[in-house]
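What follows is one structure encoded as structure tokens, with my remarks underneath.
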Amino acid sequence: MSVYDVAIVGGGCVGSSAAMHLASQSELDICLIEKEHQFAAHQSGRNSGVLHPGFNYEPGSTKAKFSTEGTQRMKTYAAQNDIPLRELGVLVVAQSQKDYKELRRLHNQAAANGVTTEMLNDRAAIQEIEPHASGIAALHCPEAASIDSQQYVYSLVRDAANLGVDLFTGTQVTSVESTATGNVLRTSTGAITAAFVINAAGLHADTIASEFGVANEYQIVPFRGEYYELRANKRDLVNTMVYPAPDPELPFLGVHFTRRSDDKVIVGPNAVLAFGREAYKNTDYNLGDLRQTATFGGFWKLLASRKMLSVAADELNKSYRKEAFVSAAQSLIPEVRAADFTKSYAGIRAQLVGPDGSLVKQPLVEHGPRSLHVLNAVSPGLTSSLPFGEHLAEETLQAYP
Ligand SMILES: Cc1cc2nc3c(=O)[nH]c(=O)nc-3n(C[C@H](O)[C@H](O)[C@H](O)COP(=O)(O)OP(=O)(O)OC[C@H]3O[C@@H](n4cnc5c(N)ncnc54)[C@H](O)[C@@H]3O)c2cc1C
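Under my numbering, read the sequence shown as residues 256 to 656, first letter to last.
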């Protein structure tokens with residue numbers, strides 16, 4: 256049996272960052288356990304790769320703090336480690352007076368969070384940055400950037416390994432026996448004993464937490480985000496990143512255009528209720544996951560909201576009907592046509608839902624017996640991952656028996 260001081264479950268950006276920070280701050284024997292044969296196989300490698308510099312988040316909130324600090328730290332980390340990153344800036348475009356009011360609110364919020372933004376108050380100013388974008392006004396944030404998120408996670412893992420962290424890939428934690436003296440993790444490749452466990456299992460974090468008797472009232476509900484890609488000869492329609500004005504009640508930012516660090520332009524993601532935690536195609540399903548969702552009271556309370564029902568129907572439409580997806584994209588860049596889009600990858604967001612049906616919007620970490628559980632690492636979880644991982648390392652050192 257392998258024996259460690261700390262076992263970290265989950266080789267995404269959060270678990271890898273926690274491993275790197277904990278190893279650099281302590282002499283503890285640490286291992287990082289990942290069920291897939293590669294790191295960043297789920298959310299951390301299937302996202303938009305955007306560094307969100309914090310204007311979207313309420314001043315004083317954990318998200319605002321982590322994303323503002325995270326953006327700056329990730330730029331430095333990427334430069335030091337040769338990770339592809341492009342500092343392109345983002346344009347959030349208003350189509351209506353309601354959107355315009357929202358952009359003004361974001362502009363003030365940015366100032367309170369120490370993030371530089373400027374209001375572009377007419378079409379000409381918008382088109383100086385994005386000649387093909389359309390809208391009555393826009394918020395421009397030059398600090399936003401796009402990064403290769405898979406290379407980023409691999410760099411964190413390499414740093415952790417160089418600091419002495421043992422890596423287990425292809426190793427799925429299947430159950431946990433937590434006693435007064437430690438934890439025994441039963442895995443697909445044998446047992447691992449650890450005095451303390453950090454649960455950073457992303458889409459499965461609630462399942463691992465329940466093995467410790469933690470957070471049973473919550474459940475992760477998977478929301479798939481699908482992307483199209485602009486054909487290479489149409490990439491010039493977008494220089495940077497173009498977003499719609501967000502709906503402050505929803506944790507998702509709406510279909511947008513992102514010029515990635517490899518120069519591809521991706522369009523999306525939508526936000527469709529997935530029929531499984533890893534159901535990446537709209538024909539995929541997992542009966543066990545479906546049963547869990549269907550027997551969770553919070554899910555039905557979530558759906559009981561008229562707003563959520565209408566959003567769910569709209570997003571489903573965008574998933575099954577390409578025209579509906581393209582139409583959402585055309586509100587930002589009217590010149591794009593369905594023929595310019597090719598189907599690309601999908602990612603699944605681990606959205607924590609409370610027993611009252613509320614979508615948990617802030618990062619949520621709970622302590623359990625000899626353990627720490629990252630229950631909600633929602634977007635911008637990639638942007639936030641350096642300060643978030645450091646925070647987890649500090650919490651672990653304080654709680655370590
Ligand atoms: C479509 C989409 C777009 C997004 N866009 C952005 C963006 O532009 N900018 C941004 O900042 N954020 C974005 N995010 C959010 C960001 O990707 C996530 O917040 C972040 O990746 C969460 O990282 P994680 O390490 O918690 O989870 P994950 O990356 O999901 O990692 C969890 C890991 O745990 C492993 N695991 C699970 N169960 C077990 C087990 N039993 N045993 C062993 N291993 C296990 C999994 O295989 C997985 O590798 C986006 C997310 C999605 C889905």
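Backbone N, C-alpha and C fix where the C-beta goes; we use that ideal spot for every residue, glycine too. Remember, predicted model here, so these are calculated numbers, not experimental data.
Assuming residue i is part of the alpha helix (DSSP H), what are its boundary residues?
i, result
"S430", "Counting along the chain, S430 falls outside any alpha helix (DSSP H), though it belongs to the beta strand (DSSP E) covering 428–434."
"E324", "317–336"
"I381", "378–384"
"L411", "404–417"
"A365", "352–367"
"E645", "640–654"
"A273", "268–280"
Less than 9 Å between CB atoms is the rule here; does residue i satisfy it with respect to chain D?
i, result
"C396", "Chain labels in this structure do not include chain D; a single protein chain is all it has."
By how many angstroms is the C-alpha of residue j removed from the C-alpha of residue i?
i, j, result
"A295", "G468", "27 Å"
"L686", "I603", "There is simply no residue 686 to check, as the chain begins at 256 and stops at 656 in what is shown."
"A449", "Y540", "34 Å"
"L528", "E570", "9 Å"
"P610", "R592", "42 Å"
"K573", "L485", "17 Å"
"A388", "C396", "16 Å"
"P308", "T371", "9 Å"
"V261", "V269", "15 Å"
"F643", "F478", "22 Å"
"F668", "D414", "Lying before the first or after the last residue shown, residue 668 is absent from the chain, which here runs from 256 to 656."
"F596", "Y535", "19 Å"
"Y498", "V347", "5 Å"
"Q382", "R441", "57 Å"
"G369", "Q327", "12 Å"
"L283", "T638", "27 Å"
Return the first residue and the last residue of the beta strand (DSSP E) that residue i is part of.
i, result
"D257", "With the sequence shown as reference, residue 257 is identified as Ser, and Asp is not the correct amino acid for it. Taken as a continuous stretch (DSSP letters only), the beta strand (DSSP E) holding S257 covers 257–264."
"N438", "437–442"
"A446", "445–454"
"V348", "345–349"
"H622", "619–623"
"D421", "421–423"
"S626", "626–631"
"H395", "392–396"
"E373", "373–375"
"L287", "285–288"
Since residue i and residue j should fall inside the 8 Å C-beta cutoff, what is the C-beta to C-beta distance between them, to a whole number of angstroms?
i, j, result
"V476", "F554", "6 Å"
"P635", "S322", "5 Å"
"Y407", "A333", "7 Å"
"M496", "V305", "6 Å"
"L343", "S401", "6 Å"
"A349", "G390", "5 Å"
"A446", "M256", "5 Å"
"L375", "F310", "Between F310 and L375 the Cβ distance is about 14 Å, and since that is not below 8 Å, they are no contact."
"D403", "D517", "7 Å"
Using C-beta distances below 8 Å, list every residue in its chain close to residue i, excluding the 5 sequence neighbours before and after it, in chain order.
i, result
"D461", "A470, Y473, Q474, I475, L607, L630"
"F530", "D539, Y540, N541, D544, L545"
Might you give, ordered along the chain, the residues of its own chain that have their beta carbon closer than 7 Å to the beta carbon of residue i, omitting 5 neighbours on each side?
i, result
"G523", "G480, E481, Y482, Y483, V510"
"N336", "S410"
"Q405", "A295, G300"
"L619", "L607, L630, N631"
"E324", "P642"
"S430", "R441, E466"
Grab me the residues of residue i's own chain with a C-beta within less than 6 Å of its C-beta, minus the 5 sequence neighbours each way, in chain order.
i, result
"A456", "V264, G265, I463"
"E650", "L627"
"T317", "Q617, P618"
Which runs of the alpha helix (DSSP H) fall wholly inside the segment 545–600 and span at least 4 residues, in chain order? 552–559, 561–575, 577–585
Ordered list of beta strand (DSSP E) runs contained in the segment 464–528, each at least 3 residues: Correct list: 474–485, 496–499, 511–514, 520–523.
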